[in-house]
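First comes the structure, then the notes that go with it.
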Amino acid sequence: MSSDKYFNSATIEEMVNSLNSKWQRYPKDVIPLWLASPDFKVAPEIKEALHKAVDAEDVFYNSDLKPRLAMAAKVRRVNKIDVSENDVMIVQGVEPILWLAMKQACQPGDEVIIPNPAYNGFMAVMNNLNVKPAFWNLDYRDGYKFDEEQLKKLVNKNTKLISLCNPHNPAGRVMTKTELKAVADIAVDHKIHVFIDELWEDVRFDGREHISLASLNPEISDLTATAWGVSKTFGVAGLYLGYLASTNKQIVSNYRKNAATIQRGADTLSRAASPVMLDTTLDWWRRDLMFHLTKIRNICYKRMNEIPGVSFPNLEGTYVPFPRFDFGLKSEELHQFLLKEAKVGLYPGNVFGPLGEGHMRVCIATSETIINEALNRLEKALPKLKS
Ligand SMILES: Cc1ncc(COP(=O)(O)O)c(C=O)c1O
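Quick note on numbering: the sequence shown equals residues 129 to 515 in the working numbering.
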């Protein structure tokens with residue numbers, strides 16, 4: 129395929145010299161599959177937009193109106209949420225939005241309902257702000273379903289926020305309309321704010337649909353703040369470009385207040401390059417990305433499930449599946465074993481919450497050459513452990 133030059137060309141020899149943190153953490157003989165950072169090229173349209181901004185010396189104080197207009201248009205067109213540019217705030221990537229979201233809704237000691245497992249950024253923010261997690265457990269044996277009855281039981285007078293991520297990192301789920309509707313009904317019934325991180329909205333397999341929670345009805349829309357970004361779809365995490373929006377003006381105003389002076393939005397070059405990542409220019413990239421990732425996912429699904437003791441899930445979304453490893457080792461012990469014996473660096477699952485123990489997160493956004501070599505190494509090393 130012609131897009132192979134962007135998605136499928138990475139070799140170990142080339143990547144070990146990359147400045148990408150993913151390739152810097154371990155010794156050079158380790159294949160790193162831990163960080164959610166793809167081994168892909170940067171889309172030519174993004175490079176061109178960045179070059180143009182440099183040529184125009186767009187490095188002064190300037191307005192962020194143009195990118196906010198592009199963001200609002202994208203949110204209306206793709207996410208079906210009726211916001212204007214005034215309802216959009218630009219932030220330095222999605223990561224700081226996790227903090228702003230909890231700060232907006234919670235005081236120390238309040239409770240936040242959060243899936244278990246959850247993206248580790250959510251865990252870090254709860255510690256930082258001294259809020260208590262009320263874990264909405266996702267069971268891998270059950271296909272990581274979001275169970276409505278369990279959610280109902282978690283709500284109490286201290287619940288100030290339901291904090292979600294869809295598509296879900298690390299469970300790899302794309303929430304169904306029924307699951308989202310259950311969240312909406314419960315939040316509206318109890319008037320609880322919801323924060324939802326939809327950073328992975330483009331990374332969905334087998335034609336699954338991404339439904340934005342806030343698009344379901346005006347009541348849930350007014351309780352919800354939603355975050356999006358560009359780091360996962362385009363592999364440009366270093367641009368530090370994220371944005372949030374809500375139809376509830378008070379929520380956006382609170383975010384702005386908490387962000388004042390410590391959070392200035394993304395830099396001018398990222399902002400200048402943002403329109404091509406928000407309009408339809410790069411729809412070809414979104415399509416070819418999923419074509420490539422489907423190939424890699426299918427290779428991983430087949431080969432990893434053939435290793436006794438490993439259960440590789442049916443990945444619905446994201447490129448960071450969360451297989452289970454039944455070898456009687458804790459995730460951190462397995463991490464050390466795989467580094468030493470397989471020379472493969474995975475992300476220990478316990479980092480993603482108590483139910484992550486026994487799992488490892490694997491970033492599969494790489495070339496066939498690299499993924500096949502990593503799988504060869506895992507197939508050779510894991511049978512040395514008794515399952
Ligand atoms: C669910 C989720 N939210 C936020 C982030 C951080 O995003 P960014 O790099 O855009 O700040 C990540 C990164 O992997 C993520 O998976």
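No residue lacks a Cβ here, since even glycine has one placed at the ideal position from N, Cα and C.
Under the DSSP assignment, Ser398 falls in the alpha helix (DSSP H) whose first and last residues are 396–406. According to the DSSP secondary-structure assignment, Arg415 is paired through a beta bridge with no residue. Within the model, the alpha-carbon separation for Val404 versus Leu483 is close to 39 Å.
CA-to-CA, the gap between Leu163 and Val206 works out to about 27 Å. Note that the C-beta distance between Thr409 and Glu173 is below 7 Å. For Lys458 and Lys169, the gap between their C-alpha atoms comes out near 35 Å. Taking Phe188 as the centre and dropping the five residues before and after it, the same chain places the C-beta of Thr396 closer than 8 Å to its C-beta, in chain order. Assigned with DSSP and collapsed to three states, Ala353 falls in strand. Taking 6 Å as the cut-off, one finds no heavy atom of ligand 1 near enough to the beta carbon of Ser131. If you measure from each CB to the nearest heavy atom of ligand 1, the residues under 6 Å come out as Ala164, Gly221, Val222, Glu223, Tyr247, Gly249, Cys293, Asn297, Asp325, Leu327, Gly357, Ser359, Ala365, Gly370.
Closest option to Pro511, judged by alpha-carbon separation, among Ala262, Ile499, Val490, Phe465: Phe465.
Annotated as proximal: Pro195 and Ser402, with beta-carbon spacing under 7 Å. Ala353 sits away from Ile314, with the two beta carbons spaced by 7 Å or more.
The three-state reading of DSSP puts His321 in strand, counting E and B together. Beta-bridge pairing by DSSP links Asn265 to Asn244. In this structure the region 501–508 touches the region 469–479; the number of beta carbon pairs closer than 8 Å is three or more. In terms of Cβ geometry, Tyr368 and Ala394 form a close pair [threshold 7 Å]. As the crow flies, the alpha-carbon of Val448 is around 24 Å from that of Thr306. The continuous beta strand (DSSP E) containing Thr287 extends over residues 287–293.
Taking the C-beta atoms as reference points, Ala312 is found nearer than 7 Å to Ile348.
DSSP, reduced to helix, strand and coil, places Lys471 outside both helices and strands of the structure shown, so it counts as coil.
For Asp334, same chain residues with a beta-carbon under 6 Å away, outside a window of 5 residues either side, do not exist.
Separation of Ser165 and Lys150 (C-alpha to C-alpha, rounded to the nearest whole angstrom) is 7 Å. The C-beta distance from Ile324 to Leu292 rounds to 5 Å, short enough to fall under 8 Å.
Under DSSP, His463 shares a beta bridge with no residue. Ranked by Cα distance from Asn433, the options His420, Asp416, Phe263, Phe453 are led by Phe453. Ranked by Cα distance from Leu341, the options Ala181, Val302, Gly357 are led by Val302.
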